[in-house]
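Trainee: Chains as they are written, first to last, in our numbering: chain E, 1 to 274; chain V, 1 to 345.
Okay, here's the thing in structure tokens:
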């Protein structure tokens, strides 16, 4: 059968992106860049009262980069992002194992639970957490841990959706069954077979979650304020001082988020190529 | 004692009984097909044997061991799924080696066995390819290699060819049959395609509504259907009610029975043949003719009854619609079968 079989098994041809689509995407991309570019220009000039700005300067950036509070707030924000997103991913992966491999009926319950944070306003969530844990004398009464917890809840729906879609796309249950038939236990199959195939989905959703945590002001300000100042609280504190400096902070936030995004996308691509 | 035994197996999903007291055995080395329409329970029975589905009642015995409550990973059963289910992050080689690694086979043996299995399914040269870069047929062959490389006690094939085009499907049917003969592996094949069942099987278990309607060799099941359902599912039997058959032949049919006649057993001529004690001749009018590969199927109107007649497609022996023809039906080809019979498997 070999020659016949091979003759009928043809590979699907590749597709090219049409030129019109590329132009359209380019225009949309430029439009989305306008706010960033104007903020960047504003941060690099002394005045912008006419059509063109005047008085090029790097003073705002020099002031920012020599401010240790700025670096601390950037570091805190990154730690908040990484820890909160990591906690959520681990918890969800364990919960989704139960849904995929043990009891699929729990899927609806999981979906309901994970969607609840969508309905929670930041103010309500932060006040709820503060009133529940402040003064309890436990580790959870620490403002930093409160923030970790709050962000874990905040990013739950986004990461849940990403993981769930990734699991559905590969038919995780079927893969686990196939591995079981080869002598592999369910949990081992989940770790060895399913997880490597949903890395892309996890990375993309964690990217979204990271940008949400990076952009949050309400939770950080209400729960920790200046006790554990993140970048948005730092920005708010400096807005009244200088609009040029504020613009420089916004530009740096954008670039940090873009850098994290680029790293995640690179990781995603390399995992897909493997 | 059979190699695999299903003893009074019942499977219910809520109030829905999918398997209704299944009892039959499979001999070692046989290729058995579970045949039936969608939703008849054949795949569920396969999954119960694999351990992926639990049984509600009854017992499954494999090689003298009760495996009813043994986890799937401990049953040493290989399975090929309809959707291939290759691991997307692994190459063909890694997929095939997976089961051996689970069994903690030494690396040198793994390499040797993987190479042999890949060669057996004619995928040599594709060892480093990922599933996404393989065609449907290649993926299914890789899945087959992955299942046989561990030398399972039983190989289960759950409609493995249903997503593959007709030409390739025939080629793979032959290859699966060849591999089964080479390895002598007890194999259970699930399909809803009666032609596929005929080609592949040593034994057919015909399913209907969660029960076994008929069991036997392909020839037995094809030539001696035991019920109306078996006759309609296995072949394109002409099924005549007692009244219709009596009107044609003048012979009475017991109440609650129908007469089934295979289209290819009916003779068709322009000239009325001589009468014979072995059968009877009826006159009719050709209303339609349909080419079906090397067979031409005529629909002949006899009184109020349409009768299908198959003849070899030879251009010098064709009848036109509207033409009067004479049909010869031999008595031993007219099978009197109960309307709703069930056989003990």
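Positions of the beta carbon are idealized from the N, C-alpha and C atoms, including for glycine.
Select from the region 76-105 of chain V all residues with a C-beta closer than 7 Å to any C-beta belonging to chain E, and list them in chain order.
Mentor: So the close ones are 77, 78, 79, 81, 83, 85, 87, 88, 89, 98, 99, 102, 103.
Trainee: Would a check of beta-carbon distances place residue 197/E closer than 8 Å to chain V?
Mentor: Cβ-Cβ to chain V under 8 Å: yes for residue 197/E.
Trainee: Mind listing which residues of the region 150-171 of chain E have their C-beta closer than 8 Å to chain V's C-betas, in chain order?
Mentor: Answer set for the region 150-171 of chain E: 170, 171.
Trainee: On the DSSP letters alone, give me the boundaries of the alpha helix (DSSP H) that residue 129/V sits inside.
Mentor: Neither: residue 129/V is in no alpha helix (DSSP H) and is coded neither H nor E.
Trainee: Distance cutoff 8 Å, beta carbons only. Does residue 174/E sit that close to anything in chain V?
Mentor: By this cut-off, residue 174/E is an interface position.
Trainee: For the region 148-233 of chain V, which segments carrying the alpha helix (DSSP H) assignment without a break, of at least 4 residues, lie completely within its bounds, in sequence order?
Mentor: Complete alpha helix (DSSP H) runs here, min 4: 166-183, 194-200, 218-223.
Trainee: Against chain V, does residue 92/E count as a neighbour if the rule is that its beta carbon must be under 8 Å from one of theirs?
Mentor: Cβ-Cβ to chain V under 8 Å: no for residue 92/E.
Trainee: Give a yes or no on whether the C-beta atoms belonging to residue 28/V and residue 186/V are separated by under 8 Å.
Mentor: Contact flag set, yes.
Trainee: Return the residues of the region 210-238 of chain E that lie within a Cβ-Cβ distance of less than 7 Å from chain V, sorted by chain order.
Mentor: Under the 7 Å Cβ criterion, the region 210-238 of chain E contributes no residue.
Trainee: Report the CB separation of residue 92/E from residue 163/E in whole angstroms; it is logged as a contact under 8 Å.
Mentor: Indeed, because the Cβ distance is near 5 Å, the residues count as touching under 8 Å.
Trainee: To the nearest angstrom, how far is the alpha carbon of residue 8/E from that of residue 168/V?
Mentor: Here residue 8/E scores only 40 on pLDDT, less than 50, and its place in the model should not be relied on; the value that follows carries that caveat. Between residue 8/E and residue 168/V, the C-alpha separation is close to 7 Å.
Trainee: From which residue to which residue does the alpha helix (DSSP H) around residue 20/E run?
Mentor: Its alpha helix (DSSP H) spans residues 19-44.
Trainee: Could you have a look at residue 173/E and say whether DSSP puts it in helix, strand or coil?
Mentor: It is helical.
Trainee: Return the CA-CA distance between residue 172/E and residue 198/E, expressed in angstroms with no decimal places.
Mentor: Distance between the alpha carbons of residue 172/E and residue 198/E is about 9 Å.
Trainee: If you reduce the DSSP assignment to three classes, tell me which class residue 332/V lands in.
Mentor: Residue 332/V: helix per DSSP, three-state reduction.
Trainee: So residue 181/E contacts chain V; which residues on that side make the cut at Cβ distance below 7 Å?
Mentor: Those within 7 Å of residue 181/E in chain V are 50, 72, 77, 78, 79.
Trainee: For residue 233/E and residue 78/E, what's the separation of their Cα atoms in angstroms?
Mentor: Whole-angstrom Cα-Cα distance: 14 Å.
Trainee: Tell me which residue opens and which closes the beta strand (DSSP E) that residue 241/V is part of.
Mentor: Segment 238-241, the beta strand (DSSP E) holding residue 241/V.
Trainee: In chain E, which residues lie less than 8 Å from residue 150/V when you measure between Cβ atoms?
Mentor: Result: 182, 183.
Trainee: Residues in its own chain within less than 7 Å of residue 341/V by CB, not counting five upstream and five downstream?
Mentor: Unreliable placement is indicated for residue 341/V, whose pLDDT of 47 sits below 50; the coordinate value is still reported in the next sentence. Answer for residue 341/V: 226, 227, listed in chain order.
Trainee: Whole angstroms are fine: how far does the CA of residue 156/E sit from the CA of residue 188/E?
Mentor: One C-alpha to the other measures close to 25 Å.
Trainee: With a threshold of 16 other CB atoms inside 10 Å of the CB of residue 331/V, please say whether the residue is buried or exposed.
Mentor: The residue in question, residue 331/V, is exposed, as its Cβ has fewer than 16 Cβ neighbours within 10 Å.
Trainee: Give the DSSP-derived three-state secondary structure of residue 327/V in the structure shown.
Mentor: Residue 327/V: strand per DSSP, three-state reduction.
Trainee: Let's test the definition: count the other Cβ atoms within 10 Å of the Cβ of residue 159/V and tell me whether it reaches 16, buried, or not, exposed.
Mentor: Residue 159/V is buried by the Cβ-count criterion.
Trainee: Does the contact criterion of 3 or more C-beta pairs under 8 Å hold for the region 93-106 of chain V versus the region 64-72 of chain V?
Mentor: No, they do not touch.
Trainee: Please go through the region 4-45 of chain V and give each complete beta strand (DSSP E) segment of 3 or more residues, from N-terminal end onward.
Mentor: Qualifying beta strand (DSSP E) stretches, in chain order: 4-13, 16-26, 31-35.
Trainee: Which of helix, strand or coil does DSSP assign to residue 75/E?
Mentor: Note: residue 75/E maps to helix in three-state DSSP.
Trainee: Hey, residue 308/V and residue 297/V: beta-carbon distance below 8 Å or not?
Mentor: Yes, the pair counts as a contact, with Cβ atoms nearer than the cut-off.
Trainee: So, is residue 118/E buried or exposed, given that buried needs 16 or more other C-beta atoms within 10 angstroms?
Mentor: Exposed, because fewer than 16 other Cβ atoms sit within 10 Å of the Cβ of residue 118/E.
Trainee: If you follow the beta strand (DSSP E) that residue 123/E is in, where does it begin and where does it stop?
Mentor: That residue, residue 123/E, is in no beta strand (DSSP E); its alpha helix (DSSP H) goes 122-133.
Trainee: Please report the residue range of the alpha helix (DSSP H) in which residue 83/V lies.
Mentor: Counting along the chain, residue 83/V falls outside any alpha helix (DSSP H), and DSSP gives it neither H nor E.
Trainee: Taking C-beta to C-beta, are residue 197/V and residue 35/V nearer than 8 Å?
Mentor: Against a cut-off of 8 Å, the Cβ pair of residue 35/V and residue 197/V comes out as a contact.
Trainee: Buried or exposed for residue 178/V, going by 16 or more other Cβ atoms inside 10 Å?
Mentor: The residue is exposed, with fewer than 16 neighbouring Cβ atoms inside 10 Å.
Trainee: Please look up how many angstroms separate the CB atoms of residue 147/V and residue 78/V, rounded, as I've assumed it's under 8 Å.
Mentor: Yes, residue 147/V and residue 78/V are in contact; Cβ-Cβ is about 4 Å, under 8 Å.
Trainee: Whole angstroms are fine: how far does the CA of residue 246/V sit from the CA of residue 10/E?
Mentor: At residue 10/E the pLDDT is 42, less than 50, meaning the model places this residue with poor confidence; the figure from the coordinates comes in the next sentence. So the two alpha carbons sit approximately 55 Å from each other.
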